[in-house]
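The structure appears right after this line, and notes come after that.
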């Protein structure tokens with residue numbers, strides 16, 4: 042396998058090098074560097090959005106989720122993603138319309154301009170920082186678990202993480218957002234191809250779909266229905282997950298920015314359904330891998346299952362491609378998020394373009410080092426940690442939505458979202474009760490956040506209307 | 009006309025979403041199966057595909073256009 046691995050890695054690194062070279066321009070402005078000149082077409086847009094969305098968490102977390110919690114994993118991610126892409130049709134339009142009016146350098150700066158309040162920008166930045174750092178660390182943790190299981194004596198866990206972070210820094214600092222988008226496109230194609238090859242191989246090794254499902258039913262029938270053997274996929278969990286995932290483009294800046302930098306609304310709309318198709322295509326084979334895992338590796342650890350199913354049970358070229366595909370998946374999501382943090386910081390800065398760009402590049406380096414440190418202390422629960430990140434950032438969604446909808450958004454939403462975010466963080470730190478009324482924290486928070494935000498927005502809409510009429 | 013079709017698509021998405029999460033995705037329900045595939049999986053697959061098709065239709069019938077950006 043080593044020969045194949047060297048071959049595919051060399052090819053992948055050459056593609057990355059070429060992408061950085063093509064994206065590099067000596068006299069670029071910070072807008073060219075951070076927002077790719079805001080002139081991205083629908084194909085590159087769809088690939089970069091999909092690659093940022095589907096990552097190590099999909100590639101590794103979802104097969105394990107299917108294996109451990111059963112078929113409800115499909116509803117948890119695929120149905121929620123399909124709802125999210127529908128939301129993009131309207132949100133992409135409303136966001137771009139407002140961004141054209143007030144300007145856009147990042148979500149934090151955009152919200153700050155709309156609310157005419159610096160705390161609005163800080164709130165968005167804090168939320169991104171708090172929840173993207175662990176999310177990025179999950180990706181790095183995921184790939185290091187896998188590579189360490191695959192090559193136990195080569196280098197330690199943190200060594201793999203460091204290689205990934207250094208590689209990401211080098212090419213993103215050279216090529217900016219455009220290089221990241223090109224690498225996303227490469228990764229998207231690799232990921233889809235690899236996951237289908239592995240998925241079909243696993244399906245065949247499980248004896249086909251029907252026979253595999255029959256074996257699963259014999260060993261653990263609870264995997265074939267909701268809420269799954271551990272009771273995870275209850276209705277409140279699935280609904281809260283769907284809300285958190287639908288709000289990803291609103292509250293996770295790496296996606297919001299991608300909607301703005303596309304060259305036209307038509308591109309956004311094409312991208313939306315293309316991402317939906319990609320979601321179905323990429324999640325389906327993870328179910329096959331999970332099914333195979335449930336039949337053959339029902340009781341082993343996550344790392345053992347993944348290294349066996351993705352690597353040792355595959356033919357050498359496929360296994361080598363899986364390593365490169367996983368590495369690429371992890372890299373593209375990681376750099377999208379770290380870069381988004383840089384973009385958010387830049388959008389809050391005032392001063393000369395050159396100075397802001399220098400500060401942003403330095404900040405990206407610092408964020409990367411924080412992530413590297415964080416990745417060494419993460420747990421192996423990839424999907425659950427990703428979900429916490431989605432839910433955490435969604436607490437500021439009312440602020441972003443109001444900024445997009447209203448000319449003068451209601452400031453009371455800043456207090457509401459600030460309180461929701463604070464409670465969510467405190468509940469994670471176990472300083473306040475995690476959840477109430479029999480619901481988990483996020484589901485319980487949505488029960489308050491959504492109706493209260495709706496009431497504030499409706500009241501604001503009518504009060505504005507009355508003011509204008511008067 | 010475009011606006012009416014868009015509103016209809018939004019209505020269908022809302023009914024499909026609420027209907028699925030409240031009535032379709034029921035606990036401990038394996039049957040009826042489709043080609044050996046348990047109920048939750050095939051209905052979930054169907055709902056996801058329908059939502060993507062509705063997204064495609066939504067993109068065709070979205071009533072607003074954006075002004076050319078400066």
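Protein chains in written order, with the numbering used here: chain A, 42 to 511; chain B, 9 to 78.
By construction, the Cβ of each residue, glycine as well, lies at the ideal position given by its N, Cα and C atoms.
- Item | residue 338 (chain A) vs residue 328 (chain A) beta-carbon contact at 8 angstroms | The count along the first chain starts at 1 and reaches residue 338 (chain A) at position 297. The count along the first chain starts at 1 and reaches residue 328 (chain A) at position 287. For residue 338 (chain A) and residue 328 (chain A), no; Cβs fall outside 8 angstroms.
- Message: Within 10 Å of its beta-carbon, does residue 462 (chain A) have 16 or more other beta-carbons around it, so buried, or fewer, so exposed?
- Response: Sequence index remark: in the first chain, residue 462 (chain A) carries index 421 (1-based). Answer is buried; the Cβ neighbour count reaches 16.
- Does the beta-carbon distance from residue 399 (chain A) to residue 147 (chain A) come in below 8 angstroms? Here residue 399 (chain A) is taken as the residue at index 358 of the first chain, counted from 1. Here residue 147 (chain A) is taken as the residue at index 106 of the first chain, counted from 1. No, they are not a contact pair.
- Touch test, the region 303-323 of chain A against the region 86-94 of chain A, Cβ-Cβ under 8 angstroms, three pairs minimum: yes
- Unbroken beta strand (DSSP E) runs of length 3 or more, entirely within the region 121-186 of chain A: which are they? Qualifying beta strand (DSSP E) stretches: none in this window.
- Who does residue 45 (chain B) pair with in a DSSP beta bridge? As a first step, residue 45 (chain B) is located in the second chain; it is residue number 37 there, counting from the start. Per DSSP, the beta-bridge partners of residue 45 (chain B) are B:42.
- Pairing CB atoms from the region 425-439 of chain A with CB atoms from the region 154-169 of chain A, are three or more of them under 8 angstroms? yes
- Task: Return no unless some Cβ of chain B is closer than 8 angstroms to the Cβ of residue 428 (chain A).
- Result: What you label residue 428 (chain A) is simply residue 387 of the first chain in a count that begins at 1. Interface criterion not met: the Cβ of residue 428 (chain A) is under 8 angstroms from no Cβ in chain B.
- CA nearest to the CA of residue 373 (chain A), picked from A:199, A:181 and A:121: Translated into the one-based positions of the first chain, residue 373 (chain A) becomes position 332. The shortest Cα separation from residue 373 (chain A) among A:199, A:181 and A:121 belongs to A:181.
- State buried or exposed for residue 252 (chain A), treating a residue as buried only when at least 16 other CB atoms are found within 10 Å of its CB. Along the first chain, read from residue 1 onward, the residue named residue 252 (chain A) stands at position 211. It is exposed - the Cβ of residue 252 (chain A) has fewer than 16 other Cβ atoms within 10 Å.
- Helix, strand or coil for residue 78 (chain B), going by three-state DSSP, please let me know. If you number the second chain from 1, residue 78 (chain B) lands on position 70. With a pLDDT of only 43 at residue 78 (chain B), under the threshold of 50, the placement of this residue in the model should not be trusted, and no figure is reported.
- Message: Output needed for residue 381 (chain A): all residues of its chain with C-beta closer than 6 angstroms, excluding positions within five of it in sequence on either side, in chain order.
- Response: Locating residue 381 (chain A) in the first chain gives position 340, where the first residue counts as 1. 294 and 295.
- Buried or exposed for residue 47 (chain A), please, with buried defined as at least 16 other CB atoms from any protein chain shown within 10 angstroms of its CB. Looking up residue 47 (chain A) in the first chain gives position 6. Exposed is the call here.
- Item | Rounded separation between residue 5 (chain A) and residue 280 (chain A) - CA only | A question about residue 5 (chain A) goes unanswered here, because the residues of chain A that appear run from 42 up to 511.
- Task: Pull up the DSSP beta-bridge partners for residue 81 (chain A), would you.
- Result: As a first step, residue 81 (chain A) is located in the first chain; it is residue number 40 there, counting from the start. DSSP lists A:303 as partners of residue 81 (chain A).
- Item | Distance, residue 15 (chain B) Cα to residue 142 (chain A) Cα | As a working mapping, residue 142 (chain A) is identified with position 101 in the first chain. As a working mapping, residue 15 (chain B) is identified with position 7 in the second chain. Cα-Cα distance, rounded: 26 angstroms.
- Item | Pairwise C-alpha distance: residue 405 (chain A) and residue 396 (chain A) | Against the first chain, residue 396 (chain A) aligns to sequence position 355. Against the first chain, residue 405 (chain A) aligns to sequence position 364. Spanning the two alpha carbons is a distance of roughly 14 angstroms.
- Determine the DSSP secondary structure at residue 390 (chain A), reduced to helix, strand or coil. Numbered from 1 along the first chain, position 349 holds the residue referred to as residue 390 (chain A). Three-state result, residue 390 (chain A): coil.
- Query: How is residue 345 (chain A) classed by DSSP in three states: helix, strand or coil?
  - Reply: As a working note, residue 345 (chain A) is residue 304 in the first chain. If DSSP states are grouped into helix, strand and coil, residue 345 (chain A) belongs with the helices.
- Message: Rounding to the nearest angstrom, what Cα-Cα distance links residue 300 (chain A) and residue 258 (chain A) in this structure?
- Response: Residue 300 (chain A) sits at position 259 when you count from the first residue of the first chain. Residue 258 (chain A) sits at position 217 when you count from the first residue of the first chain. So the two alpha carbons sit approximately 43 angstroms from each other.
- Query: Straight-line CA distance for residue 133 (chain A) to residue 62 (chain B)?
  - Reply: As a working mapping, residue 133 (chain A) is identified with position 92 in the first chain. As a working mapping, residue 62 (chain B) is identified with position 54 in the second chain. Approximately 16 angstroms between the Cα atoms of the pair.
- Message: Using the Cβ count rule (16 or more neighbours within 10 Å means buried), how would you classify residue 81 (chain A)?
- Response: Your numbering for residue 81 (chain A) matches position 40 in the first chain. Buried is the call here.
- Task: Enumerate in chain order the residues of its own chain whose CB-to-CB distance from residue 445 (chain A) is below 6 angstroms, with the five nearest sequence positions on each side excluded.
- Result: Position 404 of the first chain holds residue 445 (chain A). So the qualifying residues of the chain are 135, 136 and 139.
- Taking Cβ-Cβ distances below 9 angstroms as the criterion, which residues of the region 25-38 of chain B are in contact with chain A? 25, 28, 29, 30, 33, 34, 35, 36, 37 and 38
- Hey, how far is the Cα of residue 119 (chain A) from the Cα of residue 507 (chain A)? Counting from 1 along the first chain, the entry for residue 119 (chain A) is found at position 78. Counting from 1 along the first chain, the entry for residue 507 (chain A) is found at position 466. Going by the C-alpha atoms only, they are around 43 angstroms apart.
- Query: Do we get a CB-CB distance below 8 angstroms when we pair residue 15 (chain B) with the residues of chain A?
  - Reply: Start at 1 with the first residue of the second chain, and residue 15 (chain B) comes out as number 7. In terms of beta-carbon proximity, residue 15 (chain B) stays away from the interface with chain A, with every pair separated by 8 angstroms or more.
- Contact under 8 angstroms by Cβ, residue 265 (chain A) with residue 46 (chain B): Mapped onto the first chain, residue 265 (chain A) falls at position 224. Mapped onto the second chain, residue 46 (chain B) falls at position 38. In contact: residue 265 (chain A) and residue 46 (chain B) (Cβ atoms closer than 8 angstroms).
- Query: Where does residue 267 (chain A) sit, in a helix, a strand or coil, going by DSSP?
  - Reply: To locate residue 267 (chain A), count along the first chain from 1; it is residue 226. Strand, per DSSP.
- Min CB distance residue 48 (chain B) to chain A below 8 angstroms: Within the second chain, residue 48 (chain B) is the residue found at index 40, counting from 1. It does: the Cβ of residue 48 (chain B) has a partner Cβ on chain A nearer than 8 angstroms.
- State the DSSP-derived secondary structure class of residue 51 (chain B), mapped to helix, strand or coil. Residue numbering aside, residue 51 (chain B) sits at position 43 when the second chain is read from its first letter. In the structure shown, residue 51 (chain B) falls within a helical segment according to DSSP collapsed to helix, strand and coil.
- Interfacial residues, the region 110-133 of chain A to chain B, with Cβ spacing under 7 angstroms: 112, 113, 115, 116, 119, 120, 123, 124, 126, 127 and 130
- Buried or exposed (CB count within 10 angstroms, at least 16 for buried), residue 22 (chain B): Residue numbering aside, residue 22 (chain B) sits at position 14 when the second chain is read from its first letter. Residue burial is scored here from C-beta neighbours: residue 22 (chain B) has fewer than 16 other C-beta atoms within 10 angstroms and is therefore classed as exposed.
- Would a C-beta distance cut-off of 8 angstroms place residue 238 (chain A) and residue 429 (chain A) closer than the cut-off? In the first chain, counting from the first residue as 1, residue 238 (chain A) sits at position 197. In the first chain, counting from the first residue as 1, residue 429 (chain A) sits at position 388. It is not a contact, given that the beta carbons lie outside the stated cut-off.
- Message: Going residue by residue through the region 363-445 of chain A, where are the continuous alpha helix (DSSP H) segments of at least 4 residues, counting only ones entirely within it?
- Response: 394-416 and 423-435
- Item | For residue 250 (chain A) and residue 103 (chain A), the rounded distance between their alpha carbons | For the purposes of this step, residue 103 (chain A) is taken as the residue at position 62 of the first chain. For the purposes of this step, residue 250 (chain A) is taken as the residue at position 209 of the first chain. Cα to Cα, residue 103 (chain A) sits roughly 18 angstroms from residue 250 (chain A).
- Near-chain B residues of the region 267-280 of chain A (beta-carbon distance less than 8 angstroms), N- to C-terminal order: 267, 268, 275, 276, 279 and 280
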